[in-house]
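Remarks on the structure that follows.
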Amino acid sequence: MKKKRLASLLTAAAMVGSLAACGGGDSSSTATSPAGDGGATTAAETVAAAEGQTVMKWSIWDKDLTLYYQPLIEEFEKQNPDLKIEMVDLGSSDYQTVLGTQLTGSGSDFDIVTIKDVPGYTTLVNKGVLEPLDEFIANDGVDLGAYKGLTDQILVDGKLYELPFRSDFWVVYYNKDVFDAAGAAYPTNDMTFDEYDALARQLTVDTPGQEVYGAHYHTWRSAVQLFGILDGKNTILDGSYDFLKPYYEMVLAEQEDGVCQDYATLKTSNLHYSGAFSQGNVAMMNMGTWFLSTLAEKIKSGEYTDCANWGIVKYPHAQGVEPGSTLATITALSIPANAPHKEDAWKFVKFVCGEEGAEILASTGNIPALMTDDIAGMISAMEGFPEDEDSKEALQTANLYLEMPVSNKSSEIEIVLNEAHDNIMTGNSTIDEGIADMNEKVGAVLAQ
Amino acid sequence: MGKTKTMDPAAVQKKLQVLEPRLEELLRQAEAETDPKKKLNLGRQADRTRDKIRQAKTGERFSRQTKRDMVAYSFIAPNFIGFAVFTLGPVIFAFVLAFLRWDGNNAMEFAGLGNFALMFGNKRFLAALRNTVVYCIATVPFTLAAALALAVLLNQKIRGRNFFRTVSFFPYVASLVAVAAVWNMLFSPAKSGPINMLLYNLGVAAKSLPKWSADKDWVMFTVVLFSVWKNMGYYMVIYLAGLQGINGELYEACGLDGANTWQRFWYITLPQLRPTTFFVTIILTINCFKVYDIVYMLAGGNTGVLNESAIVLVYHIYEEAFRNWNLGYASACAMVLFLMVLAITLVQFRGEKKYAN
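Those protein sequences? They're chains A and B, same order as listed. Mapping the first sequence onto our numbering, position 184 (from 1) lands on 200, and the numbers just tick up by one. Mapping the second sequence onto our numbering, position 345 (from 1) lands on 351, and the numbers just tick up by one.
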């Protein structure tokens, strides 16, 4: 055991060493994250454990910006007086990398770890550092049906290594003031991509100095590329990406005509999507539901004044596809294979991912993975949530597709797709070249 | 631990019987030897033998020489232990790892030269290698020229000299993150970006304005420009030190001979600065091979993923090791980087003998 720990320490040190002591290289990498995240500081909450209490360590990010950690812990500790939860903040920008390093070897003593995304999940499963949860689930008779099929999408070799507690999905945010000023009708929950495109163009004003952008796409590849998978006919792991072409054509044409802001400028200026939407000159922006609580809160605190009248609608859909199909991304809890208190950790996982946890999440404006009508009602009843019926209706989804499905090559594929997306959007390559590039490189990764 | 150990007279006698004749033999040889080098060597051996005889007689645990050595080792120990644990060990481990396949958790597998073979089929590695070399070749001469020019200018007695020296040195100490953000703002890809606005007004067509760090053809140019600006101040200081070390009599003498400013520079300043230039070139080249942060900050964007047009070796190593967890492959790449830096260092060792004064 000791040897292994030493070995992993050495590797980490070797890698850092071979990064050739480039002073500040590492520290600068954390600084690209949007302002206000907790940074990569490993700040452990010191918890005074009373006599006979078991203290469990839980890895998280953005401790001060996330509203639900504390209420979850308080409620759990109230129900289990013999257990204490200690949060360890690993920072948000490179959370999965730091977590991967922490769990490498056997040196960590985390009992519960939060898994931020699917590539990070598969990486950890491949490394063999997570405990399968199937036995716990079977023993306690947890009903996985309540997760609307999400848990089926994250099986690895038939085993489940994480249980989702948050499931964010993408919707279209719109600024009602912009629509009112243009005298246009608000978007609806049943829009095809053509209707959406036409609406965006209708709202665009290109007078220099008073530009209004009909649409806004954040620089993430998901924001544009994944329009293509919503018809359910293709997945992002297929190795053949010709189906993306019409969507890239639509967005590039919008970019050309000034309907949305130029990708290259957004990229180099590192403009955050919240900054873009809050300027009040963006009519519609597609973004995940994680933005709901931020938006409501910043408007309440008076920080955002130019987008105070907002609403959400369902994602646009391809011709002939049921509305409400959208992208989902899940945040889940896992138990590391060498966690010191697995049984107790499972209690916490079950609590957070179960109905009680879901209610606490919903009360803070976050979308729990366990979604019932009651819980949807709690979210739309949240202070600051838009009051129109369409916005409430938008929380009901039909099909959820993971932004990145489970694959043991997902982190390699992610790099290829990001790169091709960047090349297409900056105009460094044509759509056809970019797609050919994806086909070739993902094919090579899959063939390995 | 006692200072002496209990002596067994018989054993002592036995030792002395061997050592004493050896000492005599050595002294005799030393007497007869004519080559001073060998003579010195024999003398040393004799001293050591004498020391052993004394040790055998007095029964001390350590000879004087060993004690002296141990004191010396104890002085370097604090530093060396740190070096061994945190640098030497990991470096050796990385070498071993280059021939293995490992993800940090599962069992290691022997890969032989597989990692190296993989490297030369990997487009991202080849792009990284190309970009790193291009970056070096472009950055080194421009930084040298800029630093030298600044140093020569700011070595004159001009008004506000200290102010300008500070201004030139400022980019080097300024936070990379902050100045990179400013650069990306100046070199904004939009038509309304300050630099592009300037180019537009100078008559460049709106369609052909470069997108700077978002443009696959201009990204390396932007990075090189930024590096030169950021680092020239530091090398300027080294050059200033070199300039101040030049003997003023040389300039007086050539002034008497009627040399003009250019000739003074070309025949006095430049040759006198040769050791400095050599030093700066080597350090700069090695630093260029290790570049990572500048490229990441300028061209990384929101996702922090570098494209093939901008990726550099160190980034590739990081990405393979900690994103994809191919630790063996990443170590193999690190070894390639190491060999390149080693080659430059060897050149430096050779040149040092020639140029260093």
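Where a beta carbon is used, it is the ideal one built from N, C-alpha and C, also for glycine.
Boundaries of the alpha helix (DSSP H) in which residue i is found, first to last residue
i                     : result
residue 146 (chain B) : 129-159
residue 322 (chain B) : 319-324
residue 100 (chain A) : From DSSP, residue 100 (chain A) is part of no alpha helix (DSSP H) but of the beta strand (DSSP E) over 99-105.
residue 280 (chain A) : 279-285
residue 350 (chain A) : Element bounds for residue 350 (chain A): not the alpha helix (DSSP H) but the beta strand (DSSP E), 342-350.
residue 294 (chain B) : 280-295
residue 167 (chain B) : 167-179
residue 464 (chain A) : No alpha helix (DSSP H) holds residue 464 (chain A); DSSP gives it neither H nor E.
residue 210 (chain A) : 209-219
residue 465 (chain A) : The structure shown does not extend to residue 465 (chain A), since chain A is modelled only from 17 to 464, so the question has no answer here.
residue 295 (chain A) : Here residue 295 (chain A) belongs to no alpha helix (DSSP H), and DSSP marks it neither H nor E.
Reduced DSSP category for residue i - H, G, I as helix; E, B as strand; rest coil
i                     : result
residue 67 (chain B)  : coil
residue 365 (chain A) : helix
residue 251 (chain B) : coil
residue 28 (chain B)  : helix
residue 450 (chain A) : helix
residue 411 (chain A) : coil
residue 342 (chain B) : helix
residue 405 (chain A) : helix
residue 235 (chain A) : coil
residue 58 (chain A)  : Bear in mind that a pLDDT of 45 at residue 58 (chain A), under 50, signals an unreliable position, so the number given afterwards is only what the model happens to contain. It is coil, neither helix nor strand.
residue 384 (chain A) : strand
residue 16 (chain B)  : helix
Closest by C-alpha distance to residue i, when choosing among the options
i                     : options                       : result
residue 445 (chain A) : B:281, B:354 and B:313        : B:313
residue 88 (chain A)  : A:334, A:464, A:364 and A:438 : A:364
residue 290 (chain A) : A:169, A:95 and A:190         : A:190
residue 216 (chain A) : A:230, A:206, A:382 and A:267 : A:230
residue 308 (chain A) : A:432, A:457, A:185 and A:157 : A:185
residue 117 (chain B) : B:132, B:299, B:129 and B:101 : B:101
residue 128 (chain A) : A:109, A:138, A:105 and A:299 : A:105
residue 185 (chain B) : A:284, A:279 and A:214        : A:284
residue 14 (chain A)  : A:162, A:347, A:317 and A:299 : No statement about residue 14 (chain A) is possible, as the shown extent of chain A runs from 17 to 464 and does not include it.
residue 457 (chain A) : A:429, A:438 and A:441        : A:429
residue 177 (chain B) : B:242, B:306 and B:137        : B:242
residue 222 (chain A) : A:276, A:241, A:323 and A:259 : A:276
residue 154 (chain B) : B:354, B:222 and B:278        : B:278
Residue i versus residue j: straight-line alpha-carbon distance, rounded
i                     : j                     : result
residue 210 (chain A) : residue 135 (chain A) : 32 Å
residue 296 (chain A) : residue 179 (chain B) : 38 Å
residue 417 (chain A) : residue 352 (chain B) : 56 Å
residue 263 (chain A) : residue 273 (chain A) : 15 Å
residue 7 (chain A)   : residue 355 (chain A) : The structure shown does not extend to residue 7 (chain A), since chain A is modelled only from 17 through 464, so no value can be given for it.
residue 357 (chain B) : residue 285 (chain B) : 9 Å
residue 343 (chain A) : residue 395 (chain A) : 19 Å
residue 61 (chain B)  : residue 29 (chain B)  : 14 Å
residue 56 (chain B)  : residue 70 (chain B)  : 11 Å
residue 102 (chain A) : residue 72 (chain A)  : 6 Å
residue 202 (chain A) : residue 253 (chain A) : 35 Å
residue 374 (chain A) : residue 84 (chain A)  : 10 Å
residue 243 (chain A) : residue 188 (chain B) : 34 Å
Counted within 10 angstroms of its Cβ, other Cβ atoms place residue i as buried (16 or more) or exposed
i                     : result
residue 177 (chain A) : buried
residue 407 (chain A) : buried
residue 23 (chain B)  : exposed
residue 336 (chain B) : buried
residue 316 (chain B) : buried
residue 330 (chain B) : buried
residue 258 (chain B) : exposed
residue 146 (chain A) : buried
residue 37 (chain A)  : Reliability of the predicted coordinates at residue 37 (chain A) is poor, the pLDDT of 37 falling under 50, and the value obtained from them is presented with this limitation in mind. It is exposed - the Cβ of residue 37 (chain A) has fewer than 16 other Cβ atoms within 10 Å.
residue 272 (chain B) : exposed
residue 80 (chain B)  : exposed
residue 283 (chain B) : buried
Element boundaries [beta strand (DSSP E), containing residue i]
i                     : result
residue 417 (chain A) : 416-418
residue 301 (chain A) : 298-304
residue 181 (chain A) : 179-191
residue 327 (chain A) : 326-329
residue 70 (chain A)  : 70-76
residue 231 (chain A) : 229-232
residue 131 (chain A) : 128-131
Heavy atom of the ligand FMN within 7 Å of residue i beta-carbon
i                     : result
residue 413 (chain A) : Absent from the structure shown: the ligand FMN. Ligands present: none.
Interface flag, residue i vs chain E, CB-CB below 8 Å
i                     : result
residue 318 (chain B) : Of the chains in the structure shown, none is chain E; the protein chains are A and B.
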